[in-house]
Amino acid sequence: MEESDEQLIARMARRDEAALAELHRRYAPYLMALGVRMLRDRELAQQCVQDAFLNAWNASARFDARLASAKTWLVTIGHRRMLNALRSRGPAEFALEEWDAPTPARDLDERVVVRRAVDTLDGEERQLIELAFYQGYTHQELALMTGKPLGTVKTRLRSALARLKQHFLDRQARVSPSGEQP
Amino acid sequence: MKPDHDTLIAYALGSLSASEAQAVERELSADPQAQAELRALQDALAELVTDLPPEPLPESAERALLERVRGQRRPARLLWPLALAAAVALLIVGVNSTPWFQNLQVQNQVQAYSNRPGAVTKPLLSASGQSAGLMVRLGNGQIFVAMNRPPSRSDRVYQLWFIEAAGIRSLGVFDGRSFESARAALGPGKVGITLEPPGGSDQPTSAPLAIAEL
Numbered sequence: 001m002e003e004s005d006e007q008l009i010a011r012m013a014r015r016d017e018a019a020l021a022e023l024h025r026r027y028a029p030y031l032m033a034l035g036v037r038m039l040r041d042r043e044l045a046q047q048c049v050q051d052a053f054l055n056a057w058n059a060s061a062r063f064d065a066r067l068a069s070a071k072t073w074l075v076t077i078g079h080r081r082m083l084n085a086l087r088s089r090g091p092a093e094f095a096l097e098e099w100d101a102p103t104p105a106r107d108l109d110e111r112v113v114v115r116r117a118v119d120t121l122d123g124e125e126r127q128l129i130e131l132a133f134y135q136g137y138t139h140q141e142l143a144l145m146t147g148k149p150l151g152t153v154k155t156r157l158r159s160a161l162a163r164l165k166q167h168f169l170d171r172q173a174r175v176s177p178s179g180e181q182p
Numbered sequence: 183m184k185p186d187h188d189t190l191i192a193y194a195l196g197s198l199s200a201s202e203a204q205a206v207e208r209e210l211s212a213d214p215q216a217q218a219e220l221r222a223l224q225d226a227l228a229e230l231v232t233d234l235p236p237e238p239l240p241e242s243a244e245r246a247l248l249e250r251v252r253g254q255r256r257p258a259r260l261l262w263p264l265a266l267a268a269a270v271a272l273l274i275v276g277v278n279s280t281p282w283f284q285n286l287q288v289q290n291q292v293q294a295y296s297n298r299p300g301a302v303t304k305p306l307l308s309a310s311g312q313s314a315g316l317m318v319r320l321g322n323g324q325i326f327v328a329m330n331r332p333p334s335r336s337d338r339v340y341q342l343w344f345i346e347a348a349g350i351r352s353l354g355v356f357d358g359r360s361f362e363s364a365r366a367a368l369g370p371g372k373v374g375i376t377l378e379p380p381g382g383s384d385q386p387t388s389a390p391l392a393i394a395e396l
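Protein chains in written order, with the numbering used here: chain A, 1 to 182; chain B, 183 to 396.
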């Protein structure tokens, strides 16, 4: 059976480079996707991905599975690294409308299997998550950019995160006893 | 005081300033309920990332990472002197009491500042030659410091000083592990760190914890 991510990190803490290589194979393409989306610069994104995995290697001895899953821990490391790069460099040209467009409205009688977390959000929530998570804008900056009151921005982000949390819980609940994702 | 839900959301999104994030981290370290709340938010946001269509990396990416791990050297451009590398290692691993997310925050800050054009990075050394942290001098005259640990006394803050032939002046105070000064015209001299009462002092009231040459 495949080792868990947490087991790989435990091996990394014992300086097992093969474990780092395996974790890199599993998650580097997703961190690269995050980096490209945030930085719009493949070379910089690649550098940030490498930095993130190096950070993970160096911090592996301090990983505590009670505080975060390995996946969340690694994604958070990568996200923070890319935010730092974004803020050091300044954002690329980014139009407010240039975000993940919502899927068209579906027939309510149709059975829909929601596959992506972002599909659970409405258009306004997606826009705010895009600007906050991928571009690093503060609540105040979001209010200015969207023309909405700060209170409204906070309320919409709360509802967006509530939906994303529920989607995560639903997905966890659907994991089969064998540990495989549906 | 427990951070409110909107603040935890902002922290999870990464949209707090460094000082705001440090304040949240201090509160989180004593609040398991807030930690659980943060974990739920971060788990949810991590799903956004692993739902993205994966982007391929060059075949050489894994090898380059392992080479860097083995050498623990900076990518492409320069090799850090031994003292500096040791200071970085202490920043990453050596602090026992701070949460992992705070250590990584500081580590990421150091990398980001060190990578700016014209940046010069030096260890902050105590009188006995031990590493107390790192200093990055930026091309625009700003100084970024990262300490190995927060102030050792809860009734004290760190104060950053510029020491030159003409005298000594304050560059600012901070109560976390990292700090960025305002732009300033700094000639030849040294920077030093002391522990001072909250709000800082007009002149150092204690011996410097660490010093670095500019």
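Note that the Cβ used here is the ideal one computed from N, Cα and C, for glycine as well.
Residue i burial status per 10 Å Cβ neighbour count (16 or more: buried)
i                 : result
THR387 of chain B : exposed
ILE350 of chain B : exposed
THR155 of chain A : exposed
LYS165 of chain A : buried
VAL302 of chain B : exposed
ASN322 of chain B : exposed
PRO380 of chain B : exposed
LEU169 of chain A : exposed
ARG150 of chain A : According to the sequence displayed, residue 150 of chain A carries Leu and not Arg. Burial call: exposed.
ARG335 of chain B : exposed
LEU316 of chain B : buried
ASP109 of chain A : Here the model assigns ASP109 of chain A a pLDDT of 40, short of 50, so the residue's position is not dependable and the matter cannot be decided.
Any chain A beta carbon closer than 9 Å to residue i
i                 : result
ARG359 of chain B : no
ARG316 of chain B : The sequence shown places Leu at residue 316 of chain B, not Arg. For LEU316 of chain B, the answer is no, since every Cβ of chain A falls outside 9 Å of its Cβ.
PRO160 of chain B : Residue 160 of chain B lies beyond the range of chain B shown here (183 to 396); nothing can be said about it.
GLU241 of chain B : no
SER197 of chain B : yes
ALA222 of chain B : yes
GLU229 of chain B : yes
THR232 of chain B : yes
VAL206 of chain B : no
TRP330 of chain B : The sequence shown places Asn at residue 330 of chain B, not Trp. No, no contact with chain A.
Cβ of residue i within 9 Å of any chain B Cβ
i                 : result
PRO29 of chain A  : yes
VAL36 of chain A  : yes
LEU144 of chain A : no
ILE9 of chain A   : no
VAL75 of chain A  : yes
GLY78 of chain A  : yes
GLU125 of chain A : no
ARG111 of chain A : Only weak support is given to the placement of ARG111 of chain A: the predicted model assigns it a pLDDT of 42, under 50, and the value that follows is read from those uncertain coordinates. Not closer than 9 Å to any Cβ of chain B, the Cβ of ARG111 of chain A fails to qualify, so no.
Nonlocal neighbours in the same chain, by C-beta distance under 6 Å from residue i, ignoring five residues either side
i                 : result
PHE326 of chain B : TYR295, VAL318, GLU362
GLN399 of chain B : With chain B running from 183 to 396 in the structure shown, residue 399 of chain B is simply not present.
LEU8 of chain A   : ALA19, GLU22, LEU23
Distance between residue j and residue i (C-alpha atoms, nearest Å)
i                 : j                 : result
ALA70 of chain A  : GLY78 of chain A  : 12 Å
GLN172 of chain A : ARG331 of chain B : 37 Å
ARG127 of chain A : THR146 of chain A : First, the residue type needs correcting, since residue 127 of chain A is Gln and not Arg in the sequence shown. When rounded, the distance between both Cα atoms is 9 Å.
LEU34 of chain A  : ALA366 of chain B : 36 Å
MET329 of chain B : PRO299 of chain B : 22 Å
LEU396 of chain B : PHE344 of chain B : 9 Å
VAL206 of chain B : VAL339 of chain B : 17 Å
ASN84 of chain A  : PRO240 of chain B : 23 Å
ARG42 of chain A  : ARG26 of chain A  : 19 Å
GLN140 of chain A : THR152 of chain A : 11 Å
GLY196 of chain B : THR76 of chain A  : 9 Å
ARG174 of chain A : ALA226 of chain B : 16 Å
ALA105 of chain A : TYR134 of chain A : Reliability fails at ALA105 of chain A, whose pLDDT of 42 lies under 50, so the model's placement of it is uncertain and the value that follows must be treated cautiously. The alpha-carbon atoms of ALA105 of chain A and TYR134 of chain A are separated by roughly 25 Å.
ARG118 of chain A : LEU230 of chain B : Reading off the sequence, residue 118 of chain A comes out as Val, not Arg. Between VAL118 of chain A and LEU230 of chain B, the C-alpha separation is close to 6 Å.
ASP51 of chain A  : GLN289 of chain B : 10 Å
ASP337 of chain B : ARG89 of chain A  : 36 Å
For residue i, three-class secondary structure by DSSP
i                 : result
VAL288 of chain B : helix
TYR340 of chain B : strand
LEU121 of chain A : coil
GLU346 of chain B : strand
GLY253 of chain B : helix
ALA243 of chain B : helix
MET32 of chain A  : helix
MET183 of chain B : coil
PHE361 of chain B : strand
VAL302 of chain B : strand
LEU164 of chain A : helix
Own chain partners of residue i with C-beta closer than 7 Å, once the 5 adjacent residues on each side are dropped
i                 : result
SER201 of chain B : GLY358
Beta carbon proximity, residue i to chain D, threshold 9 Å
i                : result
ARG14 of chain A : In summary, chain D is missing from the structure at hand, where the protein chains are A and B.
Distance cut-off 8 Å: residue i Cβ against heavy atoms of the ligand NAP
i                 : result
TYR134 of chain A : Ligands in the displayed structure: none, and consequently the ligand NAP is not present.
Contacting residues, own chain, Cβ-Cβ under 8 Å from residue i (five flanking each side not counted)
i                 : result
LEU247 of chain B : none
ALA95 of chain A  : With a pLDDT of only 46 at ALA95 of chain A, under 50, the local geometry of the prediction cannot be trusted, and no value is derived from it.
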